[in-house]
Every structure is written in C-alpha cells, then in structure tokens.
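Written out below as structure tokens is the structure these notes cover.
Residue numbers (my numbering): 286 to 561.
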C-alpha cells in the first residue's frame, strides 16, 4: 500500500494535503493568533500591521484566525455532504443495477431527471425556502449530488451480478439483500469512493458560492462569507477576500489530487499499466 501511494504523486500530495488540513482543524485554537469572532479596535489593518499576520476586516476581526477556523467549516461541509451523496448513490445505484428490470428503468429515469436539473439553482431554491443554516446547506448539497455516484454504482452492479461468485451465492440460497450488501456493494464501491472524494471539492465550492451570494450561514466563519464581506473592499483592503480565495483554491486542489489519485490506484487498467 505504501509503495502504491509513493508511486502515485497525485495521491501522495493529496494525502499530505489532507493531513495538513486535519492538523489545522485539530489545533485551530493553538494556531489562530486571535479569537476570530472578536470584533477588535484594529479596523482594516493591512497585512502584518499591529500583529495581524493577514490584516483585519471592517469589523476588526483577524483574517488569519478566520482563515484557520474557516478550514473547519469547509471540511465539515465537504465530509458530511459527500457522505450523504455517497451513501445515497451507493444504495440507489446498487439496487437499480442488481435488481434490474422495472426497478432499474424507474431508478435510471429518476437519476436522469436529477442530472438534467440545474443543481446550483435547485440548491438556491431549497436554501431560500428552508433557511441557510450550515446543516441545511450540507444536507441540500448531499441530496442534490448523489446521481453521479448512483450511475457509477449501477454500472458496477450490472457487471458484478453476472460474476461467478454472485451466481454461486444465489445458488447457495442467499437472499438478494444479502448478496447486495455482502458482494455487490463491497466489490463495486471503489469508483464511488474516488468520485465522492472529488465531490468534496465541489461541495466546498458550492458552500463558498452560496456564502458569496449572501445565502450562507451568517453565524459561522466561512471563506465564501469572507469573500462576500471583502468584495466591496477589493481596491482598499484586498487582503480580506484574497486570502480566503487562496484558501479555497488550495483546499479544492488538495481534494482533486486525492480523488484523482484514488481513481488511478483503484482503476484496474492503471494497475496493469504499472505492472502491479
């Protein structure tokens, strides 16, 4: 396993990046130089002024500390929304592909309908109707991004149900439910894992986009919210929005590297090409 990770640079950099982000999340109170929720007297301080490493915003909040705590929000959104999306996709796609027939046709049509819908505008509508708390944001992102995972799992299930070990399990009298959860899902889950990891980066961008439009949770610190607050100060206090934007780019890149690396490692064709 370690050799595989070292051989794939994208996966290696992705894992190192995730470790870096987790360290920030776990030790945020120790890394942050100020309380990010504290409205101090130093308003719109420049980078490095009065001990503020990345300056302050219009409310006197320390930008560096807000960036650190914003990491928590981004990872929370990424992980929870991706889990919802992944679990729904695996279950729905597995059922459709394994049972086939009418079940597959109905589920496939539902998946196609969801994939044709403009996802971001659907998220905007739901947030406008049910509120913009961070819990709602995570649930909505998860509930609107499962179709791609479902299509992947369905394709895996369609292939696996014809395999000898599945037919042997059927002949031995195991129920369809047992076969689905013991053989189909465990053996077909790997492409979904890679896709879900990439989906985490999209979840971060979606949350940032909602916050930038003023539809994020105002009670938490978010990089998108920081950009929203700093866009009117781009010419006079560029640091408010710039560093938050850089943080988003770095974090999204880390998740893309991790997802792409996992896709390489879990792809049998890639493994054969490497002589594994």
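Cβ coordinates follow ideal geometry from the N, Cα and C atoms, glycine included.
Check: I believe residue 371 touches residue 481 by the beta-carbon criterion, under 8 Å. Please report the beta-carbon distance rounded to the nearest angstrom.; Outcome: 4 Å
Check: Under DSSP, the alpha helix (DSSP H) around residue 400 begins and ends at which residues?; Outcome: 386-401
Check: With the cut-off set at 8 Å, would you say residue 438 and residue 385 are in Cβ contact?; Outcome: no
Check: Would you identify the three-state DSSP class for residue 347, choosing helix, strand or coil?; Outcome: strand
Check: From residue 349 to residue 327, what distance separates their C-alpha atoms?; Outcome: 14 Å
Check: State the start and end residues of the unbroken alpha helix (DSSP H) segment that holds residue 305.; Outcome: 294-311
Check: Round the Cβ separation of residue 430 and residue 404 to the nearest angstrom and send it over; I've been treating them as touching at under 8 Å.; Outcome: 7 Å
Check: Can you tell me where the alpha helix (DSSP H) holding residue 513 begins and where it ends?; Outcome: 508-515
Check: Rounded to the nearest angstrom, what separates residue 560 and residue 550 at their Cα positions?; Outcome: For residue 560, the predicted model reports a pLDDT of 41, less than 50, meaning its position is unreliable; a value from the coordinates is still stated below. Approximately 12 Å between the Cα atoms of the pair.
Check: Spatial neighbours of residue 474 within its chain, please: CB distance less than 7 Å, with the 5 preceding and 5 following residues excluded, ordered by chain position.; Outcome: 375
Check: Would you call residue 495 buried or exposed, if buried means 16 or more other Cβ atoms sit within 10 Å of its Cβ?; Outcome: buried
Check: Tell me, to the nearest whole angstrom, how far the beta carbon of residue 544 is from that of residue 479; I am working on the premise that it is less than 8 Å.; Outcome: 5 Å
Check: Which residue marks the beginning of the alpha helix (DSSP H) containing residue 446, and which one marks its end?; Outcome: Premise fails: residue 446 is in no alpha helix (DSSP H) and is neither H nor E.
Check: Who pairs with residue 341 in a beta bridge, going by DSSP?; Outcome: 347
Check: Have a look at 366, 443, 354, 427 and flag the residue whose alpha-carbon is nearest the alpha-carbon of residue 393.; Outcome: 443
Check: Between the region 526-536 and the region 507-514, are three or more C-beta pairs nearer than 8 Å?; Outcome: yes
Check: Decide if residue 307 is buried, meaning its Cβ has at least 16 other Cβ atoms within 10 Å, or exposed.; Outcome: exposed
Check: Please state if the CB of residue 493 and the CB of residue 508 are separated by a distance shorter than 8 Å.; Outcome: yes
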